[in-house]
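Q: Those protein sequence lines, which keep their order, are chains A and B. Anchor point for the first sequence: position 282 equals 282 in the working numbering, and the numbering is continuous, going up by one each time. Anchor point for the second sequence: position 230 equals 230 in the working numbering, and the numbering is continuous, going up by one each time. Don't be surprised by glycine CBs; every beta carbon is placed ideally from N, CA and C. No experiment lies behind these values; they were computed from the predicted model shown.
Number of protein chains: 2
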Amino acid sequence: MNFYDKLRVKPGKKVDVRKIDTSETCGWNDREKLDARLEENAKRMLELQYRIYAENRQSLLIVLQAMDAGGKDGTINHVLYAMNPQGCRSQSFKVPTPLEASHDFLWRVHAAAPKNGEIVIFNRSHYESVLVEKVHGFISGKRLQQRYDFINSFEEILHSNRTTILKFFLHISKEEQLKRFGERLDDEEKHWKISESDYTEREYWDDYMEAFNEALNRCSTKHAPWFVIPSDHKSFRNLAVSEIIVEAMERMAPKLPAPTIDVAQIRELYYQDANAKKSAKKKK
Amino acid sequence: MNFYDKLRVKPGKKVDVRKIDTSETCGWNDREKLDARLEENAKRMLELQYRIYAENRQSLLIVLQAMDAGGKDGTINHVLYAMNPQGCRSQSFKVPTPLEASHDFLWRVHAAAPKNGEIVIFNRSHYESVLVEKVHGFISGKRLQQRYDFINSFEEILHSNRTTILKFFLHISKEEQLKRFGERLDDEEKHWKISESDYTEREYWDDYMEAFNEALNRCSTKHAPWFVIPSDHKSFRNLAVSEIIVEAMERMAPKLPAPTIDVAQIRELYYQDANAKKSAKKKK
Chain A
1 MNFYDKLRVK PGKKVDVRKI DTSETCGWND REKLDARLEE NAKRMLELQY
51 RIYAENRQSL LIVLQAMDAG GKDGTINHVL YAMNPQGCRS QSFKVPTPLE
101 ASHDFLWRVH AAAPKNGEIV IFNRSHYESV LVEKVHGFIS GKRLQQRYDF
151 INSFEEILHS NRTTILKFFL HISKEEQLKR FGERLDDEEK HWKISESDYT
201 EREYWDDYME AFNEALNRCS TKHAPWFVIP SDHKSFRNLA VSEIIVEAME
251 RMAPKLPAPT IDVAQIRELY YQDANAKKSA KKKK
Chain B
1 MNFYDKLRVK PGKKVDVRKI DTSETCGWND REKLDARLEE NAKRMLELQY
51 RIYAENRQSL LIVLQAMDAG GKDGTINHVL YAMNPQGCRS QSFKVPTPLE
101 ASHDFLWRVH AAAPKNGEIV IFNRSHYESV LVEKVHGFIS GKRLQQRYDF
151 INSFEEILHS NRTTILKFFL HISKEEQLKR FGERLDDEEK HWKISESDYT
201 EREYWDDYME AFNEALNRCS TKHAPWFVIP SDHKSFRNLA VSEIIVEAME
251 RMAPKLPAPT IDVAQIRELY YQDANAKKSA KKKK
């Protein structure tokens, strides 16, 4: 199963997220097999990350968007857990500070972009500016259309600097969200996170789906594709995201830099005693 | 064994790192027992990190310093791996950029300090300015003495903003370093990392030990203690560091924020149908 191709929103083809089955598992129902595959992917990610870090030439940007309780935190915990924290950074975007709000909407996002050799995960992103702001009518018409163009141009400049971009919409059903909110009610450790607005915001569900449709259709480009991840089943969601990340990292084909030293010479210069001892031992 | 007290450089007491046995294991020679303990600590760290993040009031700064191959990367990999990348960030300090070099030596360090709720690991730190720069004579006399004072004052301001500071000197012997450099020669994946200067820098070993002595004695304060970690044995090093971090996180005693909602009311409002179904089921 090539998740990369299957779940990608192809440029030019219109997607309607309302028609996508959020409970899809693509046949991955054997939990043991799935966990083994996740384990393999985690190992491979770590190897590839080492090379990206060493190469210090390319970078990877992973964007996570979802409705509340859609699994952004869970995805970071389970899939990206595999990464070495050196060279991997998670960046969340909350309500803009006064300084941030006094700039254009891409200012704080650009500042947080990955540098060479780095992997950055955006927990929410610049897309909030065409999702929540659109849904609540803070932006519309020409100015909204312009934002999609700005976003595409912004992502293109990152790409031109050798940043691979993967954008995931973790797609759950409205019922699944209510169920997950309910689970939080059952867990005292999570009560501090819950607010009344979690529930009132559900009234805008359909508007959000439309906003996602427009964002995905306008901004899934060749160089910065969107993926729609059926996410009612958490383990399938983790699998699909990790498969796509591994695939993208393989495509980056990072190379270790050439050594600057002559290994044989270093051995000769600094390990003569040790070498002498070794060969003395062998002779015995 | 309370590693926090045993390995801490007590303010006012002079330490001489040359007299500390780098191969010490404090009796932890049973690998299985040690691994089990590391596992426990990792779990506890994750729990406490969740609370620190949720509380959003305190922060933790972990400073790692060591001679080359002393185990900074390894410590981050093995011990801090336990952390959730959300709310935990690893920051390394390399040769200053032109912009950084045009500021005072604490400028870039201050900018990288943890915010409320965050855990930050410094891979190298402001101490490079009183270690490598002292050893190579870029700084000395009055200006050097002033730097220690600036450092203490800087760490005090972080502490005053509820940052807990832990500074680890991962202490290996000169022979252990040569051995580890040798292992890199045996691993092609690591050849790109090796430079001739790794070896030539060894001529300054004694000067480095003196510089560490002075830094530790001048800057191990009540609020920003230094710990000397015997690090020839990697698993003991990991254990000691994790024990001290867990102890410090326990002392922070982070509290979950109080809920802003009335859980019973939310259940009443949004889960009536589900509740009705449940009680209907029970009646059957």
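1. Between which two residues does the beta strand (DSSP E) holding Ser153/B run?
2. Which residues in the same chain as Thr22/A place their Cβ atom closer than 7 Å to its Cβ, once the five residues preceding and following it in sequence are excluded?
3. From Glu189/A, Leu99/A, Gln65/A, pick the residue whose C-alpha is nearest to that of Val132/A; which is it?
4. Of all the residues that make up the segment 142-171 of chain B, which are near chain A by a beta-carbon distance shorter than 7 Å?
5. Kindly indicate which residue of Asn84/A, Leu239/A, Phe105/A, Lys190/A has the alpha-carbon position closest to the one of Val120/A.
6. Between the alpha carbons of Val246/B and Ile165/B, how many angstroms are there, rounded?
7. Thinking just about the alpha-carbon of each residue, which of Arg218/B, Glu214/B, Ile266/B is nearest to the one in Asp198/A?
8. Return the CA-CA distance between Glu243/A and Trp226/A, expressed in angstroms with no decimal places.
9. Have a look at Val228/A and Asp73/B and give me their C-alpha separation to the nearest angstrom.
10. Is Val130/A buried or exposed, if buried means 16 or more other CB atoms sit within 10 Å of its CB?
11. If the cut is a Cβ gap below 7 Å, which residues of chain A does Ser23/B touch?
12. With H, G and I counted as helix, E and B as strand and the rest as coil, what does DSSP make of His126/B?
13. Just to make sure I have the definition right: I need the residues of chain A whose C-beta is within less than 9 Å of the C-beta of Met83/B. Which are they?
14. Counting only C-beta atoms, is Ile76/B closer than 8 Å to chain A at any point?
15. Would you mind telling me which residues of chain B sit closer than 8 Å to Asn116/A, beta carbon to beta carbon, in chain order?
16. Whose C-alpha, out of Asn116/B, His136/B, Ala112/B, Glu118/B, is nearest the C-alpha of Ser125/B?
17. With C-beta atoms as the reference, is Thr260/B less than 8 Å away from Ser92/A?
18. Tell me the rounded alpha-carbon separation between Val9/B and Val79/B.
19. Under 8 Å, do Pro11/B and Thr163/B count as touching if we go by C-beta distance?
20. For Asn29/A, count neighbouring C-beta atoms within 10 Å of its own C-beta (all shown protein chains included) and say buried if the count is 16 or more, exposed if not.
21. Express the C-alpha separation of Arg218/B and Phe154/B in angstroms, rounding to a whole number.
22. Residues bridged to Ile266/B by DSSP?
23. Out of Ser235/A, Glu189/A, Arg57/A, Glu118/A, state which residue places its alpha-carbon closest to the alpha-carbon of Thr25/A.
24. Compare the beta carbon distance of Ala258/A and Lys134/A with 8 Å and say whether it is the shorter of the two.
25. Would you call Thr75/A buried or exposed, if buried means 16 or more other Cβ atoms sit within 10 Å of its Cβ?
26. Would you please verify whether the beta carbon of His110/B is less than 8 Å from any beta carbon of chain A?
27. Considering Cα atoms alone, identify which of Asp16/B, Leu106/B, Arg237/B is closest to Asp35/B.
28. Using DSSP bridges, identify the partner residues of Lys167/A.
29. From what residue to what residue does the beta strand (DSSP E) around Cys26/A run?
30. Short of 8 Å Cβ to Cβ, which residues in the segment 250-274 of chain A face chain B?
31. Go through its chain and collect everything with a Cβ distance to Arg289/A's Cβ below 8 Å, but skip five positions before and after it.
32. For a contact meaning CB atoms closer than 8 Å, what does Ala54/A contact in chain B?
33. Return the chain-ordered list of same chain residues with a C-beta closer than 6 Å to the C-beta of Asp273/A, the five sequence neighbours on each side being excluded.
34. Given a cut-off of 8 Å, decide if Met209/A and Val63/A are closer than it, judged by their beta-carbon atoms.
35. So the candidates are Arg251/A, Asp68/A, Arg57/A; which of them puts its Cα closest to the Cα of Leu158/A?
36. Can you name, in chain order, every residue of its own chain whose Cβ lies under 6 Å from the Cβ of Arg184/A, other than the five neighbours on each side?
A: From the atom records:
1. Here Ser153/B belongs to no beta strand (DSSP E); instead the alpha helix (DSSP H) covers 141-160.
2. The answer, listed in chain order, is His171, Ile172, Ser173, Glu176, Pro230, Ser231, Asp232.
3. The shortest CA-to-CA distance from Val132/A to any of Glu189/A, Leu99/A, Gln65/A is the one to Gln65/A.
4. Within the segment 142-171 of chain B, no residue qualifies.
5. Selected option, being the one with the closest Cα: Asn84/A.
6. Roughly 13 Å between the two C-alpha positions.
7. Looking at the Cα atoms, Ile266/B is the closest of the given residues.
8. Roughly 14 Å between the two C-alpha positions.
9. So the alpha carbons of these two residues sit roughly 36 Å apart.
10. When all chains shown are included, Val130/A counts as buried.
11. Near Ser23/B there are no residues of chain A at all, since even the closest Cβ is about 19 Å away, more than 7 Å.
12. Here His126/B sits in helix by DSSP.
13. The answer, in chain order, is Pro85.
14. Yes - at least one Cβ of chain A is within 8 Å of the one on Ile76/B.
15. At a C-beta separation below 8 Å, Asn116/A has no neighbours in chain B, since its nearest C-beta there lies roughly 13 Å away.
16. The candidate whose alpha carbon is nearest that of Ser125/B is Ala112/B.
17. Cβ distance not < 8 Å, so Thr260/B and Ser92/A don't count as in contact.
18. Cα to Cα, the separation comes out at about 21 Å.
19. Not in contact: Pro11/B and Thr163/B (Cβ atoms no closer than 8 Å).
20. Exposed, since its Cβ has fewer than 16 Cβ neighbours within 10 Å.
21. Rounded to whole angstroms, Phe154/B to Arg218/B spans 14 Å at the Cα level.
22. Under DSSP, no beta-bridge partner is assigned to Ile266/B.
23. Residue Ser235/A is the option with its Cα nearest to Thr25/A.
24. In this structure, Ala258/A lies away from Lys134/A, with their beta-carbon atoms at least 8 Å apart.
25. Around the CB of Thr75/A, 16 or more other CB atoms lie within 10 Å, so the residue is classed as buried.
26. Not an interface residue.
27. Looking at the Cα atoms, Arg237/B is the closest of the given residues.
28. The partner list for Lys167/A (beta bridge, DSSP) reads Val63/A, Trp226/A.
29. Segment: none, Cys26/A is in no beta strand (DSSP E) and carries neither H nor E.
30. Under the 8 Å Cβ criterion, the segment 250-274 of chain A contributes Leu256, Pro257, Ala258, Pro259, Thr260, Ile261, Val263, Ile266, Arg267, Leu269, Tyr270, Tyr271, Ala274.
31. This structure leaves residue 289/A out entirely; chain A is present only between 1 and 284.
32. The answer, in chain order, is Trp192, Lys193.
33. Sequence-distant Cβ neighbours of Asp273/A in its own chain, meaning closer than 6 Å and more than five residues away, do not exist here.
34. Contact: no.
35. Of Arg251/A, Asp68/A, Arg57/A, the residue nearest in Cα terms is Arg57/A.
36. Excluding residues within five positions, the ones whose Cβ falls inside 6 Å are Lys190, Ile194.
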